[in-house]
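Residue numbers (the numbering used here): 332 to 602.
Positions of the beta carbon are idealized from the N, C-alpha and C atoms, including for glycine.
Predicted model only: the values in this text are computed from it and were never measured.
Heads up: the structure comes next, in structure tokens.
See the structure below:
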């Protein structure tokens, strides 16, 4: 199982390299900071992990998924998993979740983090991180399907749309919008100029921005050249920005619904 170097250490770990006197000297010099009983932070300590330990929990859920490099929707809160016997603290910018299982490592394992996100958040968010783990090769398809069987029954309908090819959470969100409405949608569809994020129906290409900021003018020009070539072949192309997908989603979905009603996507492109 993949482990994360968080820059935090137990007393037991420190004693394999230092004496008790050495540890005290490191603390006095400011090179180690005592977090709670039994745990110390080095200069490189991850602040989210330290925050979780201070509250008597461990880092997990969406914050844990992010530490494993998965695509996670923007979060302002740190997600901390608490044992059932730990009182619920009052803290700003921290979201607490309960867990029966005990955990010694400062960050839960990837599969645990995925399940926590799927359990404690809406089905769309859970599907986003699950598909990110699948696309990154962190888990296999059978493992992902098994995790999906463990969620609450009311969420299972969403997980039937599990897809191997999602390149970002933005793509998952937009694709799911169409799938929930019974509209045919293909991921990473090949057209003559290159690959399209989504092909809705027969001829509507939807490109989904997975990043908030960009600084690649060359990529911008390539995308526009591809759009023009696809238009010549009879495709309609819509490019959705990160802001439209994540900060103006209600308005964006209204516009997408209006386009669907015109049924332009049902027309086949020219051969």
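| query | Quick one, which of 565, 579 and 573 has its alpha-carbon nearest residue 595's? | reply | Start at 1 with the first residue of the chain shown, and residue 595 comes out as number 264. The option with the nearest alpha carbon to residue 595 is 565.
| request: Please indicate yes or no: does the CB of residue 564 lie closer than 7 Å to some heavy atom of the ligand PLP? | output: Judged by which ligands are present, the structure shown has none, so any question about the ligand PLP falls away.
| If you draw a straight line from the C-alpha of residue 510 to the C-alpha of residue 455, how long is it? | On the chain shown, residue 510 is found 179 positions in, with the first residue counted as 1. On the chain shown, residue 455 is found 124 positions in, with the first residue counted as 1. Residue 510 and residue 455: Cα-Cα distance of roughly 12 Å.
| task | Just confirm the distance between the C-beta atoms of residue 525 and residue 557, as a whole number of angstroms; I'd bet it's less than 8 Å. | result | As a working mapping, residue 525 is identified with position 194 in the chain shown. As a working mapping, residue 557 is identified with position 226 in the chain shown. Residue 525 to residue 557, Cβ: 5 Å. Contact.
| request: Give the DSSP-derived three-state secondary structure of residue 535 in the structure shown. | output: Here residue 535 refers to the residue found at position 204 when the chain shown is read from its first residue. Judged by DSSP in its simplified three-state form, residue 535 adopts strand.
| task | Take the Cβ of residue 380 as the centre, count every other Cβ of all protein chains shown within 10 Å, and call the residue buried at 16 or more, exposed below. | result | For the purposes of this step, residue 380 is identified with residue 49 of the chain shown, where counting begins at 1. Its Cβ being crowded by 16 or more others within 10 Å, residue 380 is buried.
| task | Taking residue 446 as part of the alpha helix (DSSP H), name the residues at either end of that continuous run. | result | Numbered from 1 along the chain shown, position 115 holds the residue referred to as residue 446. Counting along the chain, the alpha helix (DSSP H) containing residue 446 begins and ends at 441-451.
| said: On the DSSP bridge list, what partners appear for residue 430? | reply: As a working mapping, residue 430 is identified with position 99 in the chain shown. Residue 430 is bridged to 414.
| Cα-Cα, which of 344, 369, 378 and 357 is closest to residue 337? | Residue numbering aside, residue 337 sits at position 6 when the chain shown is read from its first letter. Ranking the options by Cα distance to residue 337, first place goes to 378.
| said: Taking 8 Å as the cut-off, does the segment 410-419 touch the segment 428-448 (at least 3 CB pairs, one atom from each stretch)? | reply: yes
| Helix, strand or coil: how does DSSP classify residue 606 here? | Because the chain is modelled from 332 through 602, residue 606 falls outside the range shown and cannot be assessed.
| Whose C-beta lies closer than 6 Å to the C-beta of residue 332 among residues of the same chain, with five residues either side of it excluded? | Start at 1 with the first residue of the chain shown, and residue 332 comes out as number 1. Only weak support is given to the placement of residue 332: the predicted model assigns it a pLDDT of 43, under 50, and the question is left unresolved by the model.
| query | Can the beta-carbon of residue 527 be found closer than 8 Å to that of residue 536? | reply | Along the chain shown, one-based indexing puts residue 527 at 196. Along the chain shown, one-based indexing puts residue 536 at 205. Result yes, Cβ atoms of residue 527 and residue 536 sit closer than 8 Å.
| task | Would you identify the three-state DSSP class for residue 525, choosing helix, strand or coil? | result | On the chain shown, position 194 is the one that residue 525 refers to. Here residue 525 sits in strand by DSSP.
| said: For residue 313 and residue 444, I'd like the C-alpha separation in whole angstroms. | reply: Look at the range of the chain in this structure, 332 to 602, and you will see that residue 313 is not part of it.
| request: In angstroms with no decimal places, state the Cα-to-Cα distance between residue 346 and residue 367. | output: Residue 346 sits at position 15 when you count from the first residue of the chain shown. Residue 367 sits at position 36 when you count from the first residue of the chain shown. Cα to Cα, the separation comes out at about 17 Å.
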